[in-house]
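Peer 1: Residue numbering for the sequence shown follows the numbering used here, starting at 3 and increasing by one per position.
From the three backbone atoms N, C-alpha and C, an ideal C-beta is built for every residue, glycine too.
Fair warning: this is a prediction, and the values are worked out from it, not measured in the lab.
Input: one structure, supplied below.
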Amino acid sequence: MTAYRLRGGLVVDPFLNIMEQADLHVRDGMVVLPGSGPEPEEIVWIDGCWVVPRITDLHVHFRDPGQTWKEDWTSGARAAAAGGVTTVGVMPNTTPVVDSPEAVTDQRSRAGDRVRLWPIGALTLESAGRKAAPWDAMREAGARAFSDDGRALYDSALMAAALSWSERTGVPVIQHLEDPILSAGGVAHAGEAARLLGLSGQPAAAESVLAFRDVALAAEYGGRLHLAHCSVPGTLKALRWARGEGLRVTGEATPHHCLANEAWLTRFGTDAVTKVNPPLRPEEARKALREALASGLLTVMASDHAPHGQDEKGAPYATAPFGISGIETLVAAALTILVRDAGLSPLQALAPVTVGPHQVVGEAFSGLVPGAPADLTVIDPAVTWTVDPARFYSQGRNTPLAGVRLQGRVVATMVGGRFTFRDGEVLV
Ligand SMILES: [Zn+2]
């Protein structure tokens with residue numbers, strides 16, 4: 003394994019809360035102290051760039067096994083590398099669903115060492131919401147969190163049981179907030195754009211009622227509760243309530259809910275590229291999410307990467323699948339939203355894709371100190387670029403961000419001391 007010296011970069015390490023000009027030495031997959039061994043074989047010049055440890059996308063769908071025409075582990079890992087992502091939380095709604103220890107083991111072997119995987123197991127068998135999955139055995143097999151994402155765990159008694167188990171084990175429960183009765187048939191936010199386009203809407207309360215219910219359950223049963231893709235002000239109120247009570251409840255927002263609003267539906271018309279669940283919301287919701295990230299109420303930004311085939315997304319709006327392909331735009335979107343627009347420091351702006359997800363799953367990472375795994379991303383913060391889905395490594399080209407200008411470009415990605423992306427080339 004080649005030893006490297008990364009020269010001339012600014013280390014931006016949210017785990018250590020430091021920003022400093024420093025060379026980084028990497029040997030045998032680890033960060034090493036300069037001068038502690040032979041000089042590295044290769045010097046990599048990264049003047050003007052940031053070096054950021056362990057960028058993590060807590061919420062992705064890799065579709066493998068079962069729907070590999072949308073994405074498979076190879077295209078997913080390549081997309082992660084190009085997106086500057088070293089660690090992924092992969093949702094269990096594959097076919098079959100990851101609802102057994104064998105399926106967790108299978109995900110880990112599919113991932114290999116191309117990207118670090120936090121397997122997320124299903125809360126219920128087949129994510130059907132009726133019978134608990136074997137949580138203990140799945141945890142032993144390596145599941146780092148549990149979720150029925152794609153749908154909510156709607157049964158309050160099962161959710162209470164899951165949170166009680168989470169309280170005992172410290173393993174988080176991730177909830178997809180959606181009351182299926184309130185949202186039934188809704189393909190867009192129940193608002194102005196849906197009315198104009200004649201689309202059936204789902205109300206904001208379909209999300210927030212479940213947020214309030216789950217916080218109430220967490221208050222009674224404890225546990226670690228993580229609210230996925232929060233998109234409405236009501237959910238943020240539930241989160242504020244949980245914080246006030248000192249509960250271990252966290253929340254995430256996606257880049258698309260922070261960049262786009264329901265007016266984008268009228269702009270794109272019947273093109274289902276804007277169809278996503280939860281749906282794009284009104285402008286005041288978009289603003290509230292940005293404020294919640296900037297204030298630290300929301301501690302995670304995750305892509306909810308949901309790749310689909312072009313023919314599938316080309317179907318009529320009512321029947322096309324929900325989802326946006328987002329892992330390759332996550333890092334630049336975070337920098338655009340939180341540094342360029344909100345004026346946060348790089349350390350603050352990168353926390354929701356580094357420290358935040360680690361806190362959710364309870365994984366300690368030391369930061370870039372000697373002995374730490376060399377999982378890092380090199381970013382050129384000065385580069386502005388235009389999103390072009392035709393250049394994605396993901397099989398999913400479905401994003402309404404095509405043509406949008408983003409600030410900050412991933413230059414290189416390294417996992418365990420090996421470059422997975424460098425000089426515009428994916429190496430996995
Ligand atoms: Zn979801």
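For ligand 1, any of its heavy atoms closer than 7 Å to the Cβ of H178?
Peer 2: Yes.
Peer 1: How about A230: is its Cβ closer than 7 Å to a heavy atom in ligand 1?
Peer 2: yes
Peer 1: Using the C-alpha atoms, what's the distance from N279 back to A322?
Peer 2: 12 Å
Peer 1: Terminal residues of the continuous beta strand (DSSP E) containing I122?
Peer 2: 118–123
Peer 1: What does the alpha-carbon distance come out to for the pair A24 and E285?
Peer 2: Spanning the two alpha carbons is a distance of roughly 41 Å.
Peer 1: Taking A404 as the reference, give the member of W266, V341, L340 with the closest Cα.
Peer 2: W266
Peer 1: Going by CA-CA distance only, name the one from I326, R197, G10 that's closest to D306.
Peer 2: Looking from the CA of D306, the closest CA among I326, R197, G10 belongs to I326.
Peer 1: In three-state DSSP terms, what is R226?
Peer 2: When DSSP states are grouped into helix, strand and coil, R226 belongs to the coil group.
Peer 1: On the premise that S233 lies in contact with A208, defined as a C-beta separation below 8 Å, what is that separation, rounded to the nearest angstrom?
Peer 2: That belief does not hold up - the Cβ atoms of A208 and S233 are roughly 10 Å apart, past 8 Å.
Peer 1: What residue from R118, S102, G253, D66 has the CA that sits closest to L299's CA?
Peer 2: For L299, the closest of R118, S102, G253, D66 by C-alpha to C-alpha distance is G253.
Peer 1: Given G10, which residues of its chain have a CB within under 6 Å of its CB, disregarding the five upstream and five downstream residues?
Peer 2: W47, I48, D49
Peer 1: When DSSP labels each residue in this structure, what does G253 get in the three-state scheme?
Peer 2: Strand at G253.
Peer 1: So is the beta-carbon of G311 under 7 Å away from any non-hydrogen atom of ligand 1?
Peer 2: no
Peer 1: Would you decide whether W137 is buried or exposed? Buried here means 16 or more other CB atoms lie within 10 Å of its CB.
Peer 2: The residue is buried, with at least 16 neighbouring Cβ atoms inside 10 Å.
Peer 1: Would you mind working out which of L378, D425, D343, R269 sits nearest R407, comparing C-alpha positions?
Peer 2: D343
Peer 1: Ignore the nearest five residues each way along the sequence and tell me which others in A353's own chain have a CB closer than 6 Å to its CB.
Peer 2: P16.
Peer 1: Opposite F214 in the DSSP bridges: which residues?
Peer 2: In DSSP, F214 forms no bridge with anything.
Peer 1: May I ask you to verify whether the region 112–132 touches the region 149–161, counting CB pairs closer than 8 Å and requiring at least 3?
Peer 2: yes
Peer 1: Exposed or buried, V371, counting other C-beta atoms within 10 Å across all chains shown (16 or more means buried)?
Peer 2: exposed
Peer 1: Is D151 near ligand 1 - that is, is its Cβ less than 7 Å away from at least one heavy atom of it?
Peer 2: yes
Peer 1: Excluding the 5 residues flanking A134 on each side, which residues of the same chain have their C-beta closer than 8 Å to its C-beta?
Peer 2: L125, T126, L127, L160, A163, A164, listed in sequence order.
Peer 1: Any idea what DSSP makes of V357, helix, strand or coil?
Peer 2: Correct three-state label for V357: helix.
Peer 1: Quick check: the region 92–106 against the region 328–348, are there 3 or more CB pairs under 8 Å?
Peer 2: no
Peer 1: Express the C-alpha separation of G358 and A145 in angstroms, rounding to a whole number.
Peer 2: 18 Å
Peer 1: Let me check understanding here. Comparing Cα to Cα, which of E247, L378, H310 lies closest to F324?
Peer 2: Considering only alpha carbons, the answer is H310.
Peer 1: Would a C-beta distance cut-off of 8 Å place G419 and D30 closer than the cut-off?
Peer 2: yes
Peer 1: With DSSP as the reference, label Q350 as helix, strand or coil.
Peer 2: helix
Peer 1: With DSSP collapsed to three states, give me the class of L8.
Peer 2: strand
Peer 1: What are the start and end residues of the alpha helix (DSSP H) that includes G246?
Peer 2: 235–246
Peer 1: Excluding the 5 residues flanking F421 on each side, which residues of the same chain have their C-beta closer than 8 Å to its C-beta?
Peer 2: A414, T415, L429
Peer 1: Looking only at C-alpha atoms, which of M21, I20, H27, L12 sits nearest to Y6?
Peer 2: H27
Peer 1: Where V341 and V53 are concerned, what is the direct C-alpha to C-alpha distance, given to the nearest angstrom?
Peer 2: Here the alpha carbon of V341 sits roughly 16 Å from the alpha carbon of V53.
Peer 1: Have a look at L337, S77, L8 and flag the residue whose alpha-carbon is nearest the alpha-carbon of V385.
Peer 2: L337
Peer 1: Which whole-angstrom value describes the C-beta separation of R112 and H191, a residue pair presumed to lie in contact below a C-beta threshold of 8 Å?
Peer 2: Actually they are not in contact, since the Cβ atoms of R112 and H191 sit about 35 Å apart, beyond 8 Å.
Peer 1: Tell me which residues share the same chain as G172 and place their Cβ nearer than 8 Å to its Cβ, disregarding the 5 neighbours each side in the sequence.
Peer 2: R226, G364
Peer 1: Does DSSP put L340 in a helix, a strand or coil?
Peer 2: helix
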